[in-house]
Amino acid sequence: MGVFRLVIAGVGGQGTLLASRLIAQSSIDAGLPVKIGETYGMAQRGGPVMGHILIGEGAESPQIRPGEADALIGFELGEAVRRGVTYLKEGGLALVNTRKFPPLEVISGMMEYPSEDSLLSLLGEVTSDIVKFDATAIAEEAGDAIATNMVMLGAIVESGKLPFCEDVVTAVLRRSVRATYLETNLKAFTMGKTAYGDSSK
Amino acid sequence: MSVHPVVIDEPGKKVLLMGNEAIARGAVEAGAAVATAYPGTPSSEIGNTLSRVSDAAGLYFEWSVNEKIAFEVAYGASLCGQRSLVAMKHVGLNVALDVLNPVSLRGVNGGLVFVSTDDPSQHSSRTEQDNRWLAKQNCIPVLEPSSPQEAKDFTRYAFELSERVKLPVMIRTVTRLSHMRSDVDLGPIERLGRTPEFDWEGFSYRVAGFEKLFRRHGERHEKLDRVQAEFEGADFNQLKLDGSEKVGIIGVGFAFTYVLDAIRKLGVESEVAYMKLATPHPLPTEKIARMLDGVEILLVVEEVDPFVEMHVKSLAKTIASSATILGRETGDLPREGELSPSILDSALGGLLGISVDRVDRSGVEEKVGELLFDRMLTLCSGCPHRASIHALKKAVRNVKGDLMSVVVNGDIGCYGLAHAPPMSFEDTYFCMGASIGVSQGMERVGVDTIAWIGDGTFFHSGIPSLLNAVYNGLPLKIVVADNGTVAMTGFQPTPQSGKTATGKPAKKVMIEDIARTLGVDSVEVVDPYDLEAVQCAFERMLEAEGVAMVISRRACSMEAVRAMRPDKPVPYVVDAELCTGCRICLSQFGCPALAWNEESGKAWVDSAICTGCGVCAQVCPFGAIRLEGS
Ligand SMILES: Cc1ncc(C[n+]2csc(CCOP(=O)(O)OP(=O)(O)O)c2C)c(N)n1
Ligand code: SF4
Ligand code: SF4
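Here it is as structure tokens:
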């Protein structure tokens with residue numbers, strides 16, 4: 000097996016880090032070496048966050064080259080497109096949360112948030128395998144917007160792209176998430192799986 | 000919750016660790032008794048981790064007030080035979096530099112390991128300084144790991160080495176390594192159980208005599224020679240050289256990962272000789288000489304200055320090697336900024352005359368760049384700093400008539416974002432504590448200023464410079480943005496918190512008490528969530544004679560929201576009836592929880608991130624924003 004390369008994009012405070020860690024721990028439990036490269040700077044929420052995950056033997060640095068990612072998990076519309084066009088390989092899977100997290104430029108009125116269609120058509124120049132849904136709305140339905148990361152995790156598991164099976168992931172999830180949040184998280188995870196199924200048809 | 004992986008006592012177990020956590024684990028495995036640190040990205044997780052596990056690991060950990068003190072505390076423990084660790088970001092070593100030289104000159108007793116996390120490309124720093132120069136200047140051995148596994152293993156080894164040769168040892172990481180995570184095999188945890196005792200013979204003027212202890216430069220060189228001999232034979236400095244290769248590469252520390260990735264991508268394993276170099280100082284010169292003898296071209300790959308490259312060039316001259324040495328100095332690799340696999344692909348491809356197939360997305364990237372914002376950094380929703388700046392601007396306008404009538408000298412921390420729009424009310428920041436220092440020079444020559452400094456920064460280096468202002472009689476105006484924490488680096492406690500790094504009760508040291516004791520003429524403490532009150536306090540400060548300080552005190556909103564979990568704050572809402580669509584809350588205040596509805600032409604509040612601070616309600620001139628349910 001070669002190296003599986005996954006890019007995670009979002010903004011601070013969305014729980015992208017936890018999603019990366021659950022995927023990495025699942026890799027270890029499945030007996031696969033794993034590397035996560037992360038760039039984050041300040042504590043403030045709302046800054047752009049990106050993680051590179053490389054699973055399997057043969058990768059040394061925790062950085063994915065442009066155009067070499069097998070899949071992208073985009074937690075936020077604009078960030079998904081920004082990272083997707085750079086890192087996704089041609090035809091790679093783009094999972095996109097269509098929820099917008101407007102930055103200061105938009106809040107203060109200096110710029111407008113571009114439309115979903117205009118953004119996704121640019122992502123479309125790189126891949127046609129775009130699966131999109133409002134993951135934050137789904138998480139809210141499951142009980143808490145914070146569980147957006149679980150919705151996205153459920154979706155990537157359902158896509159069958161990860162080199163290990165669902166049971167490994169749910170076992171890690173049960174072990175790592177605090178009891179008070181577990182139920183909501185598992186519900187969000189399951190709803191994420193369904194969302195992938197519905198949206199990828 | 001389960002046991003933190005850093006203290007799991009199961010040798011051989013594979014766990015997921017961040018580079019910084021792996022360093023903490025290395026210290027635990029080596030049986031360190033004392034660890035100190037001052038927070039700073041990308042080093043903070045070393046201390047964050049140790050603060051959490053110190054009890055379980057039987058190790059004392061503290062967040063010291065600054066890096067120099069952290070270093071001295073660790074050194075004191077070392078002098079008494081204990082192993083000790085001190086961690087800081089690269090610029091922190093500038094603060095600790097004064098103590099570094101005596102430590103290496105006098106030597107250590109218990110192993111003393113310090114970590115410098117360098118930040119190529121300045122992901123979260125104001126310089127990309129390469130601290131290997133400072134290690135060289137002070138005759139200090141340096142180990143540069145290339146993975147979390149090595150970060151752990153090297154830290155452990157560094158303690159043994161330091162103790163054997165009696166020199167401090169530096170572990171040097173870069174941001175990518177400090178912040179990466181991967182699977183790490185745990186080793187056994189040593190429980191040294193040493194009885195601390197000051198080494199009188201080794202370090203006491205009274206016992207050993209002043210002259211014997213004072214001049215030791217020669218001894219330090221001899222120690223370094225012994226380290227070099229050890230590095231020469233060490234298996235972590237791996238050399239792959241068949242003799243048939245024309246091109247050789249030295250990959251230093253983490254940069255080696257890029258080298259190997261490029262070699263694999265190009266499929267040129269057999270065509271290049273390479274060396275994985277873990278010890279940039281002192282260099283294993285014999286091993287490198289073998290490489291120089293064997294190849295025609297040698298590329299040195301390192302983060303971020305041409306430190307090894309320059310030393311290899313000088314070695315080549317000494318041994319009269321004819322190899323051409325390339326790297327960052329020659330411009331064959333970029334002269335600044337961090338490296339990447341793609342940069343190495345091109346560099347290596349160029350040397351071997353191989354064309355590299357590269358994905359070029361610049362076309363679509365450009366289109367995205369035109370369409371999409373950059374996502375400027377801003378303060379969080381409900382951040383008390385935003386309220387303080389908003390009020391400070393109003394106060395300056397009222398008292399002085401013009402926002403440009405003062406130079407606002409800011410400082411390092413979240414509040415340093417005061418320069419960003421829509422606040423845009425900060426002119427400079429340089430290094431920690433400089434707000435108060437630089438303002439004095441300006442005031443001295445007749446230029447009005449406001450010093451704008453955080454609570455964490457005030458404790459780190461603001462105190463002596465405030466003393467200087469009082470003593471030298473300058474009527475300085477100082478605003479302390481006091482959010483009760485060192486927020487920017489991950490919410491570490493300050494001496495005002497009443498808690499130590501490990502959560503134990505501590506004496507509260509209040510900034511107002513310090514200021515009054517130092518002789519500041521007027522000191523006021525106000526809550527920035529009360530906009531009118533804080534604005535009035537600022538106005539009084541601007542009109543005061545003598546040194547005046549306003550401490551604008553309110554907990555960091557991220558911390559406050561965390562502290563109330565699982566409860567959530569009650570958000571504010573915009574009353575669409577009353578909102579006139581003037582956009583003042585957005586364009587002048589700009590809390591990220593406020594948003595604009597194109598269709599209705601009114602503002603609205605995103606309840607998911609509103610922290611319920613209520614400040615926007617005071618900003619709105621039409622009373623259109625109110626607490627939900629009220
Ligand atoms: C010498 C040095 N050490 C550490 C740092 C890292 N650092 C950046 S901001 C900061 C302090 C922030 O705390 P505070 O002044 O309380 O401001 P806040 O972020 O809480 O607003 C630190 C320690 C640095 N920049 N320089
Ligand atoms: S982390 Fe705290 S201090 Fe920093 S911007 Fe956010 S709310 Fe403000
Ligand atoms: S009350 Fe207003 S200023 Fe405070 S967090 Fe909510 S939207 Fe932002």
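Protein chains in written order, with numbering that gives the first Met the number 0: chain L, 0 to 200; chain W, 0 to 629. No residue lacks a Cβ here, since even glycine has one placed at the ideal position from N, Cα and C. In this text the structure is predicted, and so the values were computed from the model without any measurement.
* Rounded to whole angstroms, what's the CA-CA distance from L/Ala23 to W/Met309? Just pull it up for me. => 39 Å
* Asked: Should W/Tyr37 be listed as close to ligand 1, given that the test is whether its C-beta is under 7 Å from any heavy atom?
  -> yes
* Please say whether W/Met375 and L/Glu104 have beta carbons closer to each other than 8 Å? => yes
* Asked: Shortest alpha-carbon distance to W/Met630 belongs to which of W/Thr610, W/Val446, W/Met431?
  -> As displayed, chain W neither begins before 0 nor continues past 629, which places residue 630 of chain W out of reach and without an answer.
* Go through its chain and collect everything with a Cβ distance to W/Ala394's Cβ below 7 Å, but skip five positions before and after it. => Gln534, Phe537, Glu538, Leu541
* Asked: When burial is assigned at 16 or more other CB atoms within 10 Å of the CB, is W/Ile353 buried or exposed?
  -> exposed
* Cβ neighbour criterion (16 or more within 10 Å) applied to L/Ala170 -> exposed
* Asked: In this structure, does DSSP put L/Asn148 in helix, strand or coil?
  -> helix
* **Presumed contact (8 Å Cβ cut-off) between L/Arg44 and L/Gly83, rounded CB distance** => L/Arg44 to L/Gly83, Cβ: 22 Å. No contact.
* Between W/Cys578 and ligand 3, is the CB less than 7 Å from at least one heavy atom? -> no
* Asked: In chain L, which residues lie with their C-beta within 8 Å of the C-beta of W/Gly589?
  -> Leu103, Ile106, Ser107
* Stretch pair the segment 68-86 of chain W + the segment 27-41 of chain W: three plus CB contacts closer than 8 Å -> yes
* Through-space distance from W/Leu391 to W/Val572, alpha-carbon basis -> 26 Å
* Kindly list the residues whose CB is nearer than 7 Å to the CB of W/Gly436, restricted to its own chain and excluding five residues on each side of it in sequence; keep chain order. => Ser464
* Asked: Any C-beta of chain L sitting closer than 8 Å to the C-beta of W/Leu347?
  -> no
* To do: Return the chain-ordered list of same chain residues with a C-beta closer than 7 Å to the C-beta of W/Val5, the five sequence neighbours on each side being excluded.
  => Glu20, Ala23, Arg24, Val27, Thr48, Val52
* Express the C-alpha separation of W/Glu210 and W/His122 in angstroms, rounding to a whole number. => 46 Å
* Using CA coordinates, which residue listed in L/Leu119, L/Phe74, L/Leu118 is at the minimum distance from L/Phe100? -> L/Phe74
* Asked: What is the rounded straight-line gap between the Cα of W/Glu558 and the Cα of W/His384?
  -> 14 Å
* **Endpoints, beta strand (DSSP E) assigned at W/Pro383** => Per DSSP, W/Pro383 belongs to no beta strand (DSSP E); it is in the alpha helix (DSSP H), 383-399.
* **W/Val618 classed as buried or exposed, judged by whether at least 16 other C-beta atoms fall within 10 angstroms** => buried
* Reduced DSSP category for W/Tyr273 - H, G, I as helix; E, B as strand; rest coil -> strand
* Could you round the C-beta distance between W/Phe253 and W/Arg155 to whole angstroms and report it? I think they count as a contact, below 8 Å. => Not really, about 18 Å apart at Cβ, beyond 8 Å.
* Given that L/Pro47 touches chain W, what residues does it touch there, using C-beta distances under 8 Å? -> Arg374
* Determine the burial state of W/Ser124: buried for a count of at least 16 other Cβ atoms within 10 Å of its Cβ, exposed for fewer. => buried
* Asked: Between the beta-carbon of L/Glu59 and the beta-carbon of W/Met179, is there less than 8 Å?
  -> no
* Asked: For ligand 3, is there a heavy atom less than 7 Å away from the beta-carbon of W/Ser380?
  -> yes
* Going by C-alpha distance, which of W/Val485, W/Leu185, W/Ala623, W/Ser606 is nearest W/Ala29? -> W/Leu185
* Answer yes if the segment 340-347 of chain W comes into contact with the segment 263-271 of chain W, meaning at least three C-beta pairs across the two stretches below 8 Å, and no otherwise. => yes
* Counting contacts by CB-CB distance shorter than 8 Å, is L/Val33 in contact with chain W? -> yes
* **Local conformation of L/Leu161 per DSSP, three classes** => coil
* To do: In the DSSP assignment, find the unbroken alpha helix (DSSP H) run with W/Met290 in it and report its ends.
  => 284-293
* State the CB to CB distance for the pair L/Val10 and L/Glu78, rounded to an integer number of angstroms; the pair is presumed to be in contact (CB under 8 Å). => 6 Å
* Buried/exposed call for W/Glu369, threshold 16 Cβ in 10 Å -> exposed
* Asked: Using the beta-carbon of each residue, which ones in chain W are nearer than 7 Å to L/Ser60?
  -> Thr256, Tyr257, Asp260, Pro340
* To do: Starting from W/Asp344, follow the alpha helix (DSSP H) in both directions and report where the run begins and ends.
  => 340-351
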